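Trainee:
In my numbering, the protein residues as written are 1265 to 1498.
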C-alpha cells in the first residue's frame, strides 16, 4: 500500500514539473517572439495599453459622477423632508384645502410631475391629479377627518369612479384617520392605495409615495397603538 502511494506521489510530482517546464518554455518563446517582432507590434501594444487606461479612467469618472449625483439627490430629498415636515397634530389642524396642498407638496418632493390640486365643488371625486415618477397617471382623494372617524367604503367607490373618469392608472386615498374594514377590503380588491394615518406619518417622515405600496393593506396600527388611540380619543 505504501509503495502504491509512493508511486502516485512521484507521478504527481513529475506532472507538476512537466507543467512548470512547459510554462517556462512557453514564456521564453513569447519573450523571444516579442523581442524579434517588437518593431512591428509595439504600436499595437502601446495602443492596447492606452485603450485599457482610457477605459479604466472613463469607468472611474462614471462611478464618481454617479456617486456625487446620488449623494446630491439624497441631500436634496433630506432637505425637502426637513422643510416640509409637519407633525400629525399640525396636519390635524389644517383645513381641507391646506391638507390637499400638503399632499401636493409631498408628491412633488417624491418626484411626481404635473401635480395639481383640483379639489372643489365639481372635482368629480378627485382632489389631486398628477403623474408618479414612473410616468403613470394618478388621481388622489384627500380627507382630513378627525382621527376617531373612519373612511367608509362608499368614498372608496367614489374614488374608483374618479379613476375611470380621469383615465388614471393609479387611485390613491390619503386620510388623516383610518379606513373601515369594508373600505380597506374594497381598496385591496380594486388595486387602490389606501394611505391611512400611520402611512401618512411614514410618508411625511421621508418614505416615498411608491414605497407605501409595500405596506398597503397590512393593517392599521398595532394593539398598543389602538390602546393609545382609545386613551386619547375615547
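In this text, a Cβ means the ideal position worked out from N, Cα and C, and glycines have one as well. Since this is a predicted model, take the numbers as computed values, not measurements.
Leaving out five residues on either side along the sequence, give the residues of the same chain with a beta carbon under 8 angstroms from the beta carbon of residue 1370.
Mentor: Answer for residue 1370: 1348, 1467, 1468 and 1473, listed in chain order.
Trainee: Under DSSP, the alpha helix (DSSP H) around residue 1361 begins and ends at which residues?
Mentor: Its alpha helix (DSSP H) spans residues 1360-1373.
Trainee: Please say whether residue 1380 and residue 1396 have beta carbons closer to each other than 9 angstroms?
Mentor: Going by C-beta atoms, residue 1396 is not nearer than 9 angstroms to residue 1380.
Trainee: Compute the Euclidean distance between the alpha carbons of residue 1321 and residue 1281, then round it to the nearest angstrom.
Mentor: Straight-line Cα distance between these residues: approximately 41 angstroms.
Trainee: Alpha carbon to alpha carbon, what distance is there between residue 1447 and residue 1354?
Mentor: If you take the alpha carbons of residue 1354 and residue 1447, they lie about 26 angstroms apart.
Trainee: Quick check on residue 1450: does DSSP put it in helix, strand or coil?
Mentor: Looking at residue 1450 - three-state DSSP - the assignment turns out to be helix.
Trainee: Between residue 1427 and residue 1326, what straight-line distance do the alpha-carbon atoms span, to the nearest angstrom?
Mentor: Approximately 42 angstroms between the Cα atoms of the pair.
Trainee: For residue 1423, name the three-state secondary structure that DSSP assigns.
Mentor: Helix.
Trainee: Quick one: give me the first and last residue of the alpha helix (DSSP H) that residue 1461 is part of.
Mentor: 1461-1468 is the extent of the alpha helix (DSSP H) around residue 1461.
Trainee: DSSP state of residue 1393, grouped into three classes?
Mentor: DSSP places residue 1393 in strand when its eight states are reduced to three.
Trainee: Can you give me the start and stop residues for the alpha helix (DSSP H) that residue 1356 sits inside?
Mentor: Element bounds for residue 1356: 1352-1356.
Trainee: Grab me the residues of residue 1476's own chain with a C-beta within less than 8 angstroms of its C-beta, minus the 5 sequence neighbours each way, in chain order.
Mentor: Once the five neighbours on either side are set aside, the close Cβ partners of residue 1476 are 1457, 1459, 1463, 1466 and 1467.
Trainee: Have a look at 1389, 1283, 1405 and 1419 and flag the residue whose alpha-carbon is nearest the alpha-carbon of residue 1368.
Mentor: Out of 1389, 1283, 1405 and 1419, 1405 has the C-alpha closest to the C-alpha of residue 1368.
Trainee: If you draw a straight line from the alpha carbon of residue 1357 to that of residue 1443, how long is it in whole angstroms?
Mentor: Each residue's Cα considered, the two are about 20 angstroms apart.
Trainee: Could you pull the start and end residues of the beta strand (DSSP E) that residue 1402 belongs to?
Mentor: Note, residue 1402: beta strand (DSSP E), 1401-1407.
Trainee: Measuring alpha carbon to alpha carbon, tell me which residue in 1434, 1330, 1399 and 1315 is nearest residue 1375.
Mentor: Per the Cα distances, 1399.
Trainee: Let's test the definition: count the other Cβ atoms within 10 Å of the Cβ of residue 1434 and tell me whether it reaches 16, buried, or not, exposed.
Mentor: So residue 1434 ends up on the buried side.
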